[in-house]
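Chains as they are written, first to last, in the UniProt record's numbering: chain A, 1 to 264; chain B, 1 to 271.
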Amino acid sequence: MTPILSFKEVWVEYGDKVVLERVSLDIAEGEFVSVIGPSGAGKSTFLRLVLGQEGPSRGEVLLDGTPLTPECSPDRGVVFQRYSVFPHLTAIKNVMFGMECAGSPLFAKLFGAARKSARDEAAAMLEAVGLGHAMDVYPAQMSGGMQQRLAIAQALVKRPRVLLLDEPFGALDPGIRLDMHELVTALWKNHGLTIVMVTHDIHEAFKLGTRVLAFDKRRHDPHAPNRYGATAVYDVKLDRKTKEAGPPPELVGAGITPFPSSRA
Amino acid sequence: MRLVNIKPARGPRFLIGAVPIIILLVLYAVLSAARAEANAHDKVLPTFLAMGQAALRLFTEVDPRTGDITALADTSASLWRLAMGVGIATLSTLLIGIALGVVPLVRAALGPLVTVIAVIPPIAVLPILFIALGLGEASKIALIAVGIAPYMIRDLASHVAGLPAEQFVKAQTLGASTWQLTLRVALPQALPRLIDSLRFSMGPAWVFLISAEAIASDVGLGYRIFLVRRYLSMDIILPYVAWISCLAILTDWALLTISRKAFPWAHGKGH
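Structure below.
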């Protein structure tokens, strides 16, 4: 089976600064990959590569065996920590946005029967994320958790091959965060999604993921901190046993850094 | 209690706000009465009665020379110029400002030009407008448009460019093209800001209008004020100034109401 996402010897460099080096890994369909790592270790760059916000300096990123162009497209949906929804549209119109873009190149607005069916589909999706009661509400009137539910519904209605979550629950209260964990897990199972989630919370990473990737620098030159880039230094698939055991102590104790000795 | 913590309630606040205005009006009434006492033909501080009579004459009597009611002819001429100038500025702001804000290529190409134009004092180009467009309506309208458009364009462009990048990325992951992005994400969020910057620009727009009318015109609010200045007719100038202020306040209120009604999401919790 070809992997859905495939990194082949990927480097990302900005001039002299190496951000990612030699990233090679495959992500299979249906995986829920949690990406962790210290700040500045290239988690976000990794996500932007998949998203298409930037391209690799060397190597290639393949989606379903085809090299990605450095541009966002509807086969990869995304939910950011903030600003993921359009403040000038009500919930239902936020969800309909993607369908309207596909159905009406010139006006990005649907009319008549097409509008009705898009509306029904959007309503069903809002129902699925628990926002059935708030269809005509503007995002500014919603809580942070509701906004993230909306952002997820908006992305899922396009049926993306991969769903990218960029610290999606980072700004939420702990209680709300647990609700969101349940929601995402349920959606992932029911819709057969492939998810890549960047998070700061290592317990969240192990709780939700079927696989955990930790990014960090393998080598560190104290005189030239940008000389070496980060790569996936820890890559483990979780089964029920490892999941229940939680994050291994060396990962927690080192502040997500598996090889603390390598740091100056 | 500290002074900074004393916050007047709604009713008292209204009263406190009215006090300085009432003091000014009373002061004016006393001073103008004293001058009228000393000299019945005083022109510098006309009494409220004299101003009322002058205003009534201007707003009701037909001028036999033109066949129009003077104040109404002046008002309609000025408002038409203002509307045209502001309309042209708003339309070009919408087109250029959004293009500058959304498309990096356009920003690279036109950004420096707009910046250069924005630093030119508009009144300094008025002679050029008079030479190029003549002394008629076109040059006055052009002065208003040239005067306020650069500020509005730059304001709107920076607002659109400053919308969260996440929104633009998200729209693209939902399949939006550049055009769809502009139409459905940038434009609607630009409109309330456009109305805001229009409200700020109305003051300068009036300045440019009155300047142009003062220099070359035969009808208009600014023309009238500068015409009667020669006869020290404060009894006409003051009511005209008050009338212009009323028009300005009315315009501002109308723009704010439109924005609140049309873009509830842009005004706080928006219902």
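A virtual CB, placed ideally from N, CA and C, is assigned to each residue, including glycine.
Spatial neighbours of A:R58 in its chain, beta-carbon cut-off 6 Å, leaving aside the 5 residues before and after: W11
Beta carbon proximity, B:L174 to chain A, threshold 8 Å: yes
Any non-hydrogen atom of the ligand ATP closer than 7 Å to B:S245 Cβ: With respect to the ligand ATP, the structure offers nothing, as it holds no ligand at all.
Beta-carbon spacing of A:A230, A:D216 below 8 Å: yes
Local conformation of A:F7 per DSSP, three classes: strand
Beta-carbon proximity list for A:Y228, same chain, < 8 Å, skipping 5 on both sides: V18, E21, K217, R218, R219, H220, D221
Amino acids of chain A, ordered along the chain, whose beta-carbon sits closer than 8 Å to that of B:S177: C101, P105
Under 8 Å by beta carbon: chain A residues contacting B:Q53: What B:Q53 touches in chain A: nothing, since even the nearest Cβ is about 52 Å away.
Test: A:F80 CB closer than 8 Å to a CB of chain B: yes
Inter-residue Cα distance where the pair is B:R224 and B:D74: 7 Å
Status (buried if at least 16 other CB within 10 Å, exposed otherwise) for B:D63: exposed
A:A123 (DSSP reduced to helix, strand or coil): helix
Counted within 10 angstroms of its Cβ, other Cβ atoms place B:N5 as buried (16 or more) or exposed: exposed
DSSP beta-bridge partners of B:D63: Bridge partners of B:D63: none, in fact.
Test: A:P222 CB closer than 8 Å to a CB of chain B: no
Nearest-angstrom Cα separation, counted from B:A216 out to A:A134: 59 Å
Helix, strand or coil at A:L232 according to DSSP, with G and I counted as helix: Per the sequence presented here, residue 232 of chain A reads as Ala, with Leu not at that position. Residue state, collapsed to three classes: strand.
DSSP-derived helix/strand/coil call for B:G97: helix
Range of the contiguous alpha helix (DSSP H) that encloses A:E244: 240 to 245
With 16 other Cβ atoms within 10 Å as the buried cut-off, status of B:T178: exposed
Inter-residue Cα distance where the pair is B:F200 and B:I237: 25 Å
Nonlocal neighbours in the same chain, by C-beta distance under 7 Å from A:K237, ignoring five residues either side: T210, R211
Residue burial classification, A:E9 (beta-carbon count within 10 angstroms, cutoff 16): exposed
Stretch pair the segment 35 to 51 of chain A + the segment 157 to 173 of chain A: three plus CB contacts closer than 8 Å: yes
Residues of its chain near B:P204, where Cβ-Cβ distance is below 7 Å and the 5 sequence neighbours each way are ignored: G147, I148
Contact under 8 Å by Cβ, A:I202 with A:P247: yes
Between the CA atoms of B:R57 and B:D68 - distance to the nearest angstrom: 12 Å
Pair within 8 Å by beta-carbon distance, B:K43 and B:M202: no
For B:L181, the first and last residue of its enclosing alpha helix (DSSP H): 178 to 181
Endpoints, the alpha helix (DSSP H) within which B:L24 is located: 10 to 38
Residues that A:H88 contacts on chain B, provided the C-beta gap is smaller than 8 Å: P188, Q189, F263, W265, A266
Closer than 8 Å to chain A by CB, B:L183: yes
Local Cβ density within 10 Å of B:V229, reported as buried at 16 or more and exposed below that: One detail in the question is off: residue 229 of chain B reads as Arg in this sequence, not Val. It counts as exposed.
Residues near B:T60 by beta carbon distance below 8 Å, same chain, minus five either side: I69
Limits of the unbroken beta strand (DSSP E) element including A:D26: 17 to 27
Helix, strand or coil at A:S104 [DSSP, three-state]: coil
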